[in-house]
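Per the working numbering, the sequence shown starts with residue 975, numbered consecutively. The beta-carbon is built from N, C-alpha and C at its ideal position, and this holds for glycine as well.
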Amino acid sequence: MPLVRLDKFICDQGLGGRKEVRQIIKAGRVRLNGVTASAPDMKFDPESALVELDGSVLGYAKFRYYMMDKPTGVLTATRDGRQKTVLDLVTPEMRRMGLFPVGRLDKDTSGLLLLTNDGNFAHRVISPKSEVEKLYYAKVDGSPDADDCLAFERGIVLADGTRCLPAKLELLGASDCIVRVMEGKYHQVKRMLAARGKPVLELRRLAVGGLELDPALGPGGFRELTNEDLCRVFMGR
Ligand code: URA
């Protein structure tokens, strides 16, 4: 593994900006292989070195994974010249990790959005081949019925002729339902329901695979995923 600088290694773990981390090292709070680190630019092999901050061992967590309860009114993007994006809602430490959203929720859609800096993970979650189900709550104009459920099972044909993979529609109240899809075409759920003459009024993603949105987060809230959460993403519900 290539050598890394001590200050970069600590920054990459979201423990502070370069300036802050240099001060931490200068204050003698970091030990490298059991010896108090003397300079921020010390280089070492992160696979074999032991790095401690205030006596706690730091691991090389290269990839990071978060869930956010995306509020409506915010773009699913890393940055935008004019509008607020989901990355504007996280901490400066998280922005430095190079996080990006896994897939996309529309500006007026809320709910579970995963953020990571792991491209392979993102690809596996998004690809229909992985069969990771995305579950949405939708409030619609109209009353979905059993015929709509059947049409979803057979594969909805969108207004432009695109055929969707088989999906599931579960009826809740008169005008709300649960939609489960494996793919993520542009405005997919809205276009599927519109194709059945039931335009979406409100859309919220509640789960990705077996991972449910943490109800404790609230709009704009986020937290790091545990190892168990990560496994759940690829488990069925
Ligand atoms: N389908 C949509 O139409 N919009 C979303 O934001 C997500 C899925």
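Would DSSP call residue i helix, strand or coil?
i	result
residue 1205	helix
residue 1018	strand
residue 985	helix
residue 1106	coil
residue 1037	coil
residue 1099	helix
residue 1194	coil
residue 972	With the chain covering only 975 through 1211, there is no way to say anything about residue 972.
residue 999	helix
residue 1175	strand
residue 1164	helix
For residue i, count neighbouring C-beta atoms within 10 Å of its own C-beta (all shown protein chains included) and say buried if the count is 16 or more, exposed if not.
i	result
residue 1118	buried
residue 1011	buried
residue 1205	exposed
residue 1197	exposed
residue 1075	buried
residue 981	buried
residue 1181	buried
residue 1079	buried
residue 1057	exposed
residue 1071	buried
residue 1000	exposed
residue 1141	buried
residue 977	exposed
Give me the DSSP bridge partner(s) of residue i.
i	result
residue 1158	DSSP output for residue 1158 lists no bridge partner at all.
residue 1027	1004, 1030
residue 1142	1154
Find out if the Cβ-Cβ distance for the pair residue i, residue j is shorter than 7 Å.
i	j	result
residue 1059	residue 1073	no
residue 1041	residue 1199	yes
residue 1114	residue 1191	no
residue 992	residue 985	yes
residue 1027	residue 1009	no
residue 1121	residue 1143	no
residue 1225	residue 1178	The displayed coordinates of the chain run from 975 to 1211. Any statement about residue 1225 would go beyond what the structure contains.
residue 962	residue 1054	The structure shown has nothing for residue 962, since the chain only spans 975 to 1211.
residue 1052	residue 1063	no
residue 1007	residue 1032	no
Check whether the Cβ of residue i lies closer than 7 Å to any Cβ atom in chain B.
i	result
residue 1134	Among the chains of the structure shown, chain B does not appear; only one protein chain is present.
Inset, instruction - For the region 1094-1105 and the region 997-1014, state whether three or more C-beta atom pairs, one from each stretch, are separated by less than 8 Å. - result: No, the region 1094-1105 does not touch the region 997-1014.
Legend entry - Three or more C-beta pairs below 8 Å linking the region 1123-1133 and the region 1098-1109: no
Legend entry - Cβ contact check for the region 1106-1123 and the region 1142-1162: 3 or more pairs under 8 Å: Output reads yes: the region 1142-1162 touches the region 1106-1123.
Inset, instruction - Measuring from each Cβ to the nearest heavy atom of the ligand MN, keep the ones under 6 Å and list them in chain order. - result: Ligands present in the displayed structure are limited to the ligand URA, and the ligand MN is not among them.
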